[in-house]
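Number of protein chains: 2
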Amino acid sequence: MAELDIGEVARRSGVPVSTLRFYEEKGLIASTGRRGLRRQFDPGVLERLALIALGRTAGFSLDEIARMFAPDGQPRIDRQMLVAKAEELDATIRKLSVLRESLRHAASCPAPSHMECPTFRRILRAAESGAIGASRKTGPQPP
Amino acid sequence: MAELDIGEVARRSGVPVSTLRFYEEKGLIASTGRRGLRRQFDPGVLERLALIALGRTAGFSLDEIARMFAPDGQPRIDRQMLVAKAEELDATIRKLSVLRESLRHAASCPAPSHMECPTFRRILRAAESGAIGASRKTGPQPP
DNA sequence: GTCCTACCTCAAGTCGACTTGAGGTCAAGC
DNA sequence: GCTTGACCTCAAGTCGACTTGAGGTAGGAC
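Which chain is which? The protein sequence lines are A and B, in order.
Just so it is clear: in the first sequence, position 23 is 23 by full-length UniProt numbering, and no numbers are missing.
Just so it is clear: in the second sequence, position 83 is 83 by full-length UniProt numbering, and no numbers are missing.
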């Protein structure tokens, strides 16, 4: 497959052109070069963008993501860090599962106030230690 | 248990005083009243803060969280919305699981470049549809 | 060869989520 | 009765993640 220009990458990935330029500037993605003025991208950038989107959903900052995966897709040799991030993510997933159950319960619970519902409070208590003062990052915004 | 002043809430929850005032202003938490100038909080605010932290981790905006749970802990009667959020969360959890496996794999994979590793690419492809252009929110920041 | 459009740069603007700072109040301990 | 510390308000500042705008360039259809 040939190289793509930025508009094509935007079309295929759903990521705005302005964001692609911004990501390149930040070193999150790399163009293979220019044709005239125009950046050319390897189709592999699409996978990379999927990865970045995933990381943003996970609440990692762009800087963290850049540290996890080098812009050229080369191995990020800091395996320890990767394992640590995976564990961080594991904790996040557990918290989100709690929240999901809380929401589902809240949607079906007949108690007049959720806070008066024993089930809801039990779920919450399970989350409380660890949930407060938890890891904090900035996530992505809707287009 | 008696009412708490803001400093005590901050101490017990790990949430800075400035953030507590900010959350009150936004209607995310409510004080029961004042003693002199000082806001008094019901200890139940701690559970609420846990819930807010959970929501932030999930990538929901403060406005969304406010819509999910009224400041006084009263039922948010929009059960449909709660179910919808639970489903949104479910999708997020699935994506994060993919990312977690990707990270774990990246940490142990001997391939010179992750993008050359068939396992990694397979994992990514599984994520690709749906991961790009996914739901976008702003998450919390580390203190 | 010219014109259209998709691309380019660079500076400035926006938005959400907080934090910081200046200046003020009050209850308790000395 | 005065000081101290924990609280108060309100305006402004910060930070990450983008977006917008003004002004310029160039590949390719005609």
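For every residue, glycine included, the Cβ atom is placed at its ideal position computed from N, Cα and C.
Item: Within-7 Å CB hit, Glu47 of chain A to chain B; Value: yes
Item: Chain-ordered neighbours of Lys95 of chain A on chain B, where CB pairs are closer than 7 Å; Value: Leu54, Thr57
Item: Gly59 of chain A, buried or exposed, once every other Cβ within 10 Å from all chains shown has been counted against 16; Value: buried
Item: Buried/exposed call for Glu25 of chain B, threshold 16 Cβ in 10 Å; Value: exposed
Item: Whole-angstrom distance between Lys95 of chain A and Ile93 of chain B, CA atom to CA atom; Value: 10 Å
Item: Alpha-carbon spacing of Ala107 of chain A relative to Ala10 of chain A, whole angstroms; Value: 38 Å
Item: Contact belief for Ala66 of chain B with Leu28 of chain B at Cβ below 8 Å, rounded distance in angstroms; Value: 5 Å
Item: Leu37 of chain B burial status per 10 Å Cβ neighbour count (16 or more: buried); Value: exposed
Item: Three-way DSSP call (helix, strand, coil) for Asp78 of chain B in this model; Value: coil
Item: CB contact check: Gly139 of chain A to chain B, cutoff 7 Å; Value: No answer about Gly139 of chain A holds up, because its pLDDT of 42 lies below 50 and its placement is not dependable.
Item: CA nearest to the CA of Val17 of chain B, picked from B:Arg79, B:Arg35, B:Phe41; Value: B:Phe41
Item: Interface flag, Ala70 of chain A vs chain B, CB-CB below 7 Å; Value: no
Item: Burial state of Arg122 of chain A, where buried means 16 or more other Cβ atoms lie within 10 Å; Value: exposed
Item: Chain-ordered chain A contacts of Thr92 of chain B [CB-CB under 8 Å]; Value: Thr57, Leu96
Item: Classification of Pro140 of chain A by the beta-carbon crowding that lies within 10 angstroms, buried from 16 upward; Value: Note on Pro140 of chain A: pLDDT 45, under 50, position unreliable in the model; the coordinate value appears next. Result: buried.
Item: Amino acids of chain B, ordered along the chain, whose beta-carbon sits closer than 8 Å to that of Val83 of chain A; Value: Leu103, Arg104, Ala107
Item: Min CB distance Ala86 of chain B to chain A below 7 Å; Value: yes
Item: Buried versus exposed call for Glu88 of chain B [16 or more other C-beta atoms within 10 Å across all chains shown]; Value: buried
Item: Closer than 7 Å at the beta carbon, the chain A residues around Arg122 of chain B; Value: Chain A residues near Arg122 of chain B: none, gap ~11 Å exceeds 7 Å.
Item: Span of the alpha helix (DSSP H) around Phe22 of chain A; Value: 17 to 25
Item: Interface partners of Leu89 of chain B on chain A, CB under 9 Å; Value: Leu96, Ser97, Leu99, Arg100, Leu103
Item: Near-chain B residues of the segment 23 to 36 of chain A - C-beta to any C-beta below 8 Å; Value: none
Item: Glu47 of chain A Cβ short of 6 Å to the ligand ADP heavy atom set; Value: Ligands in the displayed structure: none, and consequently the ligand ADP is not present.
Item: Nearest to Ala50 of chain A (by Cα), restricted to the options A:Leu103, A:Arg125, A:Asp90, A:Gly14; Value: A:Gly14
Item: Asp90 of chain A - DSSP class collapsed to helix/strand/coil; Value: helix
Item: Exposed unless 16 or more other CB atoms sit within 10 angstroms - verdict on Arg39 of chain A; Value: buried
Item: Arg11 of chain B at chain A interface by Cβ criterion, 7 Å; Value: no
Item: Within-7 Å CB hit, Pro66 of chain B to chain A; Value: Correcting the residue identity first, residue 66 of chain B is Ala in this sequence and not Pro. With 7 Å as the cut-off, Ala66 of chain B does not count as an interface residue toward chain A.
Item: Ala2 of chain A, buried or exposed, once every other Cβ within 10 Å from all chains shown has been counted against 16; Value: exposed
Item: For Ser61 of chain B and Leu20 of chain A, the rounded distance between their alpha carbons; Value: 24 Å
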